[in-house]
Amino acid sequence: MLLPLVENHMYRRLKKILLSPIDVFVFHAVSDVYDDTVNEKVDWTLTEEFKRYILSLKNHYKFISSSNAYIKLKSDLTRSNKYAVLTCDDGFKSVLGILPFLEEQGIPVTLFVNPKYLDGKSKREGYAVNPQYITREELWNLTSPLISIGMHGYEHNDATEMTKDEFTGSVDKCIELLQQHPRYIPFYAYTWGKHSDMTQSVLREKKIVPVLTDGESNYRYRQGISRKPIDGYYLKRR
Ligand SMILES: [Zn+2]
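Residue numbers are given in the working numbering: position 109 of the sequence shown equals residue 151, and the series is strictly consecutive.
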């Protein structure tokens with residue numbers, strides 16, 4: 043009875059030696075001044091703090107794109123380099139201010155956006171004012187090879203509270219409105235990381251890569267790509 047457990051333990055240790063993790067990080071809003079009418083503190087980082095943290099990650103990891111990480115997770119038999127991927131959810135306008143820094147550092151970033159708010163008028167539920175989202179024009183101006191654009195739902199709703207038809211409709215609208223973007227990738231970051239067997243099967247059918255927010259590292263591709271939050275709120279708790 044004990045042997046499979048020992049083997050399992052040894053296998054996990056061996057896997058960690060032969061296969062370095064790919065850590066995928068997610069942030070939301072970054073700005074010089076905190077504005078509570080635009081963001082929630084849990085989703086915000088001071089610009090200087092963000093830069094300092096990214097530079098410290100750069101000392102430990104080689105940054106690669108989401109698509110490259112997906113390929114590696116699917117095909118690497120061994121992996122000696124420690125890789126990191128940077129992602130950003132919600133598409134807040136303030137993020138445009140940090141992109142030149144990431145470009146300068148040669149760091150790829152994937153922006154997961156809700157296409158409904160790209161019209162400059164639509165408000166996200168729960169926000170007192172329009173939280174200043176990136177507009178469609180601004181998004182279409184982002185053509186750097188270091189940037190990729192993924193989906194975060196048509197609106198910022200909880201996927202697990204939708205019917206299968208509602209979730210499918212939301213994904214289809216995302217594809218329709220984003221797939222013409224030159225940097226579009228078929229990756230879908232769940233809002234608040236919430237997902238179910240239903241949402242997973244819808245994405246699988248559409249050959250879309252699910253992106254989770256479960257705090258885990260990635261070794262091999264299983265049911266999606268795991269992520270760790272790095273907004274200021276989480277950095278202070280490290
Ligand atoms: Zn979100």
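Every residue, glycine too, gets a C-beta built ideally from N, C-alpha and C.
- One Cα belongs to Glu258, the other to Val151, and the distance between them is close to 19 Å.
- Take the alpha-carbon of Ile191 and the one of Asn110: they are about 14 Å apart.
- Using a Cβ distance threshold of 7 Å, Val72 and Val127 do not count as a contacting pair.
- In the DSSP assignment, Phe143 falls within the alpha helix (DSSP H) that extends over 141-146.
- Under DSSP, Tyr125 forms a beta bridge with Ile64, Lys104.
- Any heavy atom of ligand 1 within less than 6 Å of a residue's beta carbon puts that residue on the list, which reads Asp131, Asp132, His194, His198, Thr233.
- Bridge partners of Leu88 according to DSSP: Ser73.
- For Ser243, the enclosing alpha helix (DSSP H) has its first and last residue at 239-247.
- In the DSSP assignment, Val137 falls outside any alpha helix (DSSP H) and carries neither an H nor an E.
- Residue nearest to Lys206 within the set Pro252, Met240, Tyr169, Arg55 is Met240 (criterion: CA-CA distance).
- The count of Cβ pairs closer than 8 Å, one atom from the segment 154-162 and one from the segment 174-183, reaches three, so the stretches are in contact.
- With contacts defined as CB atoms closer than 7 Å, Thr202 and Val244 fail to qualify as a contacting pair.
- In the three-state scheme derived from DSSP, where H, G and I count as helix and E and B as strand, Ile191 is classed as strand.
- Residues Phe229, Val251, Tyr263, Ile267 of the same chain have their beta carbon placed closer than 8 Å to that of Tyr112, with the five preceding and five following residues left out of the count.
- Comparing C-alpha distances from His223 to each of Pro187, Tyr232, Lys270, Thr129 shows the shortest one belongs to Pro187.
- Close CB contacts of Trp86 within its chain, under the 8 Å cut and outside five residues either way in sequence, are with His70, Ala71, Val72, Ser73, Tyr76, Asp273, Gly274, Tyr275 (chain order).
- Contact between the segment 135-145 and the segment 85-99 is present, with at least three C-beta pairs closer than 8 Å.
- In this structure, DSSP gives Lys215 a helical state, which the three-state scheme calls helix.
- Counted as a single uninterrupted DSSP element, the beta strand (DSSP E) harbouring Leu153 occupies residues 151-155.
- Tyr226 is bridged by DSSP to Ile191.
- Non-local C-beta neighbours of His102 in its own chain, meaning closer than 7 Å and more than five positions away in sequence, comprise Lys124, ordered along the chain.
- Taking 7 Å as the cut-off, the beta carbon of His198 is found no closer than this to the beta carbon of Ala231.
- Under DSSP, Tyr175 shares a beta bridge with Phe134.
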